[in-house]
Amino acid sequence: MKRILLLSCLILASVALHSQETAKATVSEAPVQPSTVKLVCGPYLQNVKSDGFTVMWISDIDALGWVELAPDDGTNFYYTDRPRYYDMTGAGINPLSKIHTVRITGLQPGTRYRYRIMMKGLRAFNGERDITFTKPFGANVYSANPPVVTTLEESYDKLHVAIVNDVHADAEGFRNLFKDSRGKYDFVVFNGDMTSVINEETHMAVYVRPASELFADETPLYVVRGNHEFRGLFSRDWLKWFQTPTGMPYYTFQWGKFFFIMLDSGEDKPDNDIEYQGMLSMDQYLREQADWLKGVTRSDAFRNSSVRIVFSHIPPRLKHWHGNKNVCELFVPILNEAGIDLMVSGHEHNYSLCPAGTSNANFPVLVNDNLELMVMDIDGKTISFKTSDPSGTQTHKGSFPVVKK
Ligand SMILES: [Fe+2]
Ligand SMILES: [Fe+2]
Numbered sequence: 163m164k165r166i167l168l169l170s171c172l173i174l175a176s177v178a179l180h181s182q183e184t185a186k187a188t189v190s191e192a193p194v195q196p197s198t199v200k201l202v203c204g205p206y207l208q209n210v211k212s213d214g215f216t217v218m219w220i221s222d223i224d225a226l227g228w229v230e231l232a233p234d235d236g237t238n239f240y241y242t243d244r245p246r247y248y249d250m251t252g253a254g255i256n257p258l259s260k261i262h263t264v265r266i267t268g269l270q271p272g273t274r275y276r277y278r279i280m281m282k283g284l285r286a287f288n289g290e291r292d293i294t295f296t297k298p299f300g301a302n303v304y305s306a307n308p309p310v311v312t313t314l315e316e317s318y319d320k321l322h323v324a325i326v327n328d329v330h331a332d333a334e335g336f337r338n339l340f341k342d343s344r345g346k347y348d349f350v351v352f353n354g355d356m357t358s359v360i361n362e363e364t365h366m367a368v369y370v371r372p373a374s375e376l377f378a379d380e381t382p383l384y385v386v387r388g389n390h391e392f393r394g395l396f397s398r399d400w401l402k403w404f405q406t407p408t409g410m411p412y413y414t415f416q417w418g419k420f421f422f423i424m425l426d427s428g429e430d431k432p433d434n435d436i437e438y439q440g441m442l443s444m445d446q447y448l449r450e451q452a453d454w455l456k457g458v459t460r461s462d463a464f465r466n467s468s469v470r471i472v473f474s475h476i477p478p479r480l481k482h483w484h485g486n487k488n489v490c491e492l493f494v495p496i497l498n499e500a501g502i503d504l505m506v507s508g509h510e511h512n513y514s515l516c517p518a519g520t521s522n523a524n525f526p527v528l529v530n531d532n533l534e535l536m537v538m539d540i541d542g543k544t545i546s547f548k549t550s551d552p553s554g555t556q557t558h559k560g561s562f563p564v565v566k567k
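If you want it as structure tokens, here you go:
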């Protein structure tokens, strides 16, 4: 009898211990539910066209995001319900994510629109009928004016644009370059190496946040990938932060008859270099891009354009690094045949203006220094530029005639 009692006690003690451990595990494994959702950076504009534009922003936790749109007609934003646009990158299922990409469509050309970003953070998902959200977040339209976007006109006589490259995560230097830039430029180009290594999920906020605060919520932003944007675990997310017209890092865009080609010049060393540990297939990727470039130069839009400017982070240089060699061998022959007015590059952390024929390019190549602002004026006859350092001191200037097509 004693034995039976002892055995029962042992069993009970073991059950109690087990349930205590289970309870402990349940408590420690229960996810901490956030009560608010915060804006990490944004909003910033992508892919602005005559009939629509894309608004992007980043939240600190997974969230459902949407944009409210209002005409710029003098009414208060709270005057009436504003139409909502959701993130369609989920192909019909509204994404619950940190990166928000909302396309506004069906707009009129050359027209001003106001917008407001909204989101609800995800607290718990227990099936579609049982989703818990944080308190909603809405951009302030009560005591501040909402950002205004102007859709593209059908044609332009001139453009006033800003270009920067090789910022390498210097947020303060970046802020100095763009401190007076609100509403100043038709568009802004980031020509690669905006950071050095993308090791954290939100590292790119180091320049995207100041950009959105200073201009990019109202001024179209176009990005080019630099060789440093291939580095770090989260470099694989680079393209998720931007929406290009092709869905690839290489793409084209037009402002009237002004045609821009944004190339991805890849890494600077050969694929089998010890630094890459077999993680790159750059040569194949660049060959595929060259096939795409051939198609671009044969398109009616390109053939009918009046000014053609190419952006490539790495410039063409003969007998130089592998990245330069790729640009010389894969892209320049196609561009030579097509007729290009100018290539704008960075990468070398030194200013240079290389006339046609310096490399195998039959067009001039303009290399901007690191962390210098290049402001470019483009009309049907001339492309002129000025560069300045973060203190605002002018460093270089020049101009190129537009080649008759
Ligand atoms: Fe660089
Ligand atoms: Fe570079």
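Okay, so the sequence shown: first residue is 163 according to the working numbering, each after it adds one.
Cβ coordinates follow ideal geometry from the N, Cα and C atoms, glycine included.
Note that this is a predicted model, so its numbers are computed, not measured.
Given 8 Å as the limit, tell me if asparagine 530 has its C-beta closer than that to any heavy atom belonging to ligand 1. Asparagine 530: no, Cβ never under 8 Å from ligand 1.
Residue environment, glutamate 230, which counts as buried when at least 16 other CB atoms sit within 10 Å: buried
For the segment 330–341 and the segment 220–227, state whether three or more C-beta atom pairs, one from each stretch, are separated by less than 8 Å. At 8 Å Cβ cutoff, the stretches do not touch.
Is arginine 274 helix, strand or coil when you go by DSSP? strand
Compare the C-alpha of threonine 408 against each of Phe396, Tyr384, Gly388, His390 and name the closest. Tyr384
First and last residue of the uninterrupted alpha helix (DSSP H) at leucine 459: Contrary to the premise, residue 459 reads as threonine rather than leucine in this sequence. 444–460 is the extent of the alpha helix (DSSP H) around threonine 459.
When the Cα atoms are used, what is the spatial distance from threonine 216 to phenylalanine 340? Looking at the two C-alpha atoms, the distance is approximately 22 Å.
Looking at the structure shown, is arginine 291 part of a helix, part of a strand, or coil, going by DSSP? Three-state result, arginine 291: coil.
With distance defined between alpha-carbon atoms, name the residue in Glu316, Ala452, Ile325, Lys211 nearest to aspartate 539. Ile325
Under 6 Å Cβ to Cβ from threonine 414, same chain only, skipping five residues before and after it: list those, please. Ile423, Val458.
Stretch-stretch touch, CB-based, cutoff 8 Å, three pairs: the segment 285–296 with the segment 390–408: With contact defined as three or more Cβ pairs closer than 8 Å, the segment 285–296 and the segment 390–408 are not in contact.
C-alpha distance - valine 351 paired with aspartate 292, whole-angstrom precision: Going by the C-alpha atoms only, they are around 44 Å apart.
Closer than 7 Å between the C-beta and any heavy atom of ligand 2: which residues qualify, listed along the chain? Asp328, Gly354, Asp355, Gly388, Asn389, His390, Asp430, His475, Ile476, Gly508, His509
Tell me the start and end of each unbroken beta strand (DSSP E) in the segment 487–550 that is at least 3 residues and wholly inside, in chain order. 504–507, 514–516, 527–529, 535–541, 544–550
When you measure from the CB of histidine 365 to every non-hydrogen atom of ligand 1, does any distance come out below 8 Å? Histidine 365 Cβ: outside cutoff for every heavy atom of ligand 1.
Tell me where the beta strand (DSSP E) around proline 382 begins and ends. Here proline 382 belongs to no beta strand (DSSP E), and DSSP marks it neither H nor E.
Within 8 Å, do at least three Cβ pairs link the segment 494–513 to the segment 525–539? yes
How long is the line joining the alpha carbons of glutamate 429 and proline 495, rounded to whole angstroms? 20 Å
CA nearest to the CA of arginine 570, picked from Leu314, Pro245, Pro517, Met218: Since the first residue of the chain shown is 163 and the last is 567, residue 570 is not available in this structure.
Which listed residue (Pro563, Pro382, Gly554, Trp400) has its alpha carbon closest to that of glutamate 362: Trp400
Since valine 370 is in the alpha helix (DSSP H), which residue starts that stretch and which ends it? 367–373
Nearest by alpha-carbon distance to glycine 542: which of Ser467, Asp249, Ala301 is it? Ser467
Quick one, are the C-beta atoms of lysine 282 and valine 199 less than 9 Å apart? yes
What separation, rounded to the nearest whole angstrom, lies between the Cα atoms of serine 259 and proline 271? 31 Å
Just to check, is the beta-carbon of histidine 330 closer than 8 Å to a non-hydrogen atom of ligand 1? yes
Three-state secondary structure assigned by DSSP to asparagine 465: In the sequence as displayed, the identity of residue 465 is arginine instead of asparagine. Note: arginine 465 maps to helix in three-state DSSP.
In the DSSP assignment, find the unbroken alpha helix (DSSP H) run with glycine 214 in it and report its ends. No alpha helix (DSSP H) holds glycine 214; DSSP gives it neither H nor E.
Counterpart residues of methionine 280 in DSSP-defined beta bridges: Its beta-bridge partners are Trp228, Gly300.
Please return the same chain residues whose Cβ sits closer than 6 Å to the Cβ of leucine 213, not counting the five positions on each side in sequence. In the sequence on display, residue 213 carries aspartate and not leucine. Only Leu269 meet the Cβ criterion.
Can you give the Cα-Cα distance for serine 521 and arginine 479, rounded to whole angstroms? Cα-Cα distance, rounded: 6 Å.
What is the rounded straight-line gap between the Cα of asparagine 256 and the Cα of tyrosine 247? 11 Å
Assign serine 221 to one of two classes, buried (16 or more other C-beta atoms within 10 Å of its C-beta) or exposed (fewer than that). buried
What is the residue span of the beta strand (DSSP E) that glycine 394 lies within? Element bounds for glycine 394: n/a, residue is neither H nor E.
When you compare only the Cα positions, how much space is there between arginine 285 and valine 386? 36 Å
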